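First the structure, in the form of structure tokens, and then the observations on it.
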Amino acid sequence: LNPFKNRQTCSVRLKDVYFSYDGENYVLQEINITAEEGKKIAIVGASGSGKTTLAHIMVGFYPVDRGDVLYDNISVKEIGLDVVRENVFLVLQSPMMFNDTVRFNLTLGKNIPENRIWEALEIAQMKDVVEGLPQKLDTLIGKNGIRLSGGQKQRLAIARMILQNPKIVILDESTSALDTHTEYKLFKALQKYLEKRTTIIIAHRLSTVQQADYIYVLDRGRVVEEGTHQELMEREGIYNQFMKKHFMR
Ligand code: ADP
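With full-length UniProt numbering as the guide, the letters of the sequence shown map in order to residues 341 to 589.
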């Protein structure tokens with residue numbers, strides 16, 4: 341059973357999910373979250389509320405203690421973890437970079453035409469930076485090479501995601517180190533790419549969260565509010581308070 345086969349994307353659903361790291365204390369409880377096919381959902385919440393854990397569960401890093409994770413309404417148990425891991429891509433806040441060339445870090449060794457690499461770099465707002473490097477795509481990163489800033493690594497990771505061409509995209513604070521203007525340009529350029537893919541965005545900035553079709557608010561491992569940005573702003577809840585606070589900054 342492969343819900344991704346011959347499809348551009350599919351839905352993701354967490355159904356009554358419970359998860360603990362130590363087998364005792366649940367860091368996620370009674371989680372019901374749905375990202376419909378081709379839609380963009382956002383998950384917000386204070387630090388420690390369980391967002392990153394949730395992201396890892398959706399990509400198949402951790403199995404759940406109770407409940408189920410479904411893609412196109414088929415359980416991950418039936419689909420198999422290998423198929424999920426192949427089709428769902430998680431971009432983290434502090435992405436890992438191989439001690440290798442810029443090219444390798446983007447293609448992960450796949451044979452991808454040069455023009456597609458530059459296209460992905462352009463979307464990720466990283467084209468000018470790589471063009472300015474001494475050996476461009478063949479420049480070494482890391483121990484024997486150049487040191488990239490946090491924001492540059494984040495942009496490379498976005499370009500890597502584009503080139504890996506996943507069916508479902510999860511962005512966990514993956515543009516947090518960019519200034520608002522660059523982040524805005526990146527999401528604008530990425531819009532067309534994400535349109536065809538179910539996307540889960542974990543973020544703080546109003547401008548980023550606002551573009552989601554539906555938003556879930558997490559608090560101490562539970563979903564405490566959900567709705568569209570408009571709906572949530574009309575309530576005097578956590579989202580409203582949170583957004584006002586972050587927007588003021
Ligand atoms: P968020 O992404 O919202 O900041 P996390 O998912 O990182 O939240 O963390 C949720 C809870 O799980 C926190 O209490 C955190 O301390 C705990 N936690 C996160 N990662 C681990 C881990 N690898 N082992 C044990 N506890 C963890």
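Where a beta carbon is used, it is the ideal one built from N, C-alpha and C, also for glycine.
None of the values given here were measured: they were computed from a predicted structure.
Looking only at its chain, what residues have a beta carbon closer than 8 Å to the beta carbon of residue i, apart from the 5 residues adjacent to it on each side?
i	result
N342	I419, V423
M588	In this predicted model, M588 has a pLDDT of only 49, less than 50, meaning its place in the structure is not dependable; the value taken from the coordinates is given anyway. Taken in chain order, the list of residues that qualify is empty.
M573	Y579, N580, M583
Y358	Y366, L368, Q369, E370, I371, V404, D405, R406, G407
Between residue i and the rest of its own chain, which residues show a CB-CB distance below 6 Å, the 5 nearest in sequence each way excluded?
i	result
R575	none
I540	A375, I381, I510
Assuming the contact rule is C-beta atoms closer than 8 Å, residue i and residue j should be a hit. Round their C-beta distance to whole Å, please.
i	j	result
G485	A517	Wrong, their Cβ atoms sit about 20 Å apart, outside the cutoff.
L503	L410	Between L410 and L503 the Cβ distance is about 28 Å, and since that is not below 8 Å, they are no contact.
F438	F444	6 Å
Terminal residues of the continuous beta strand (DSSP E) containing residue i?
i	result
S360	352 to 360
V384	380 to 385
I452	Premise fails: I452 is in no beta strand (DSSP E) and is neither H nor E.
D422	Premise fails: D422 lies in the alpha helix (DSSP H), 421 to 427, not in any beta strand (DSSP E).
Q369	366 to 375
I508	508 to 512
E565	562 to 567
R406	406 to 411
T538	538 to 542
Whose C-beta lies closer than 7 Å to the C-beta of residue i among residues of the same chain, with five residues either side of it excluded?
i	result
G577	E565
K467	W458, L461
Taking the alpha helix (DSSP H) that residue i belongs to, which residues open and close that run?
i	result
L558	It is not in any alpha helix (DSSP H) - L558 instead sits in the beta strand (DSSP E) that spans 554 to 559.
Q475	It is not in any alpha helix (DSSP H) - Q475 carries neither H nor E in the DSSP assignment.
Does the beta-carbon distance from residue i to residue j come in below 8 Å?
i	j	result
Q550	H569	yes
K450	C350	no
contact_flag[the segment 522 to 529, the segment 468 to 479] where n(CB pairs < 8 Å) is 3 or more: no
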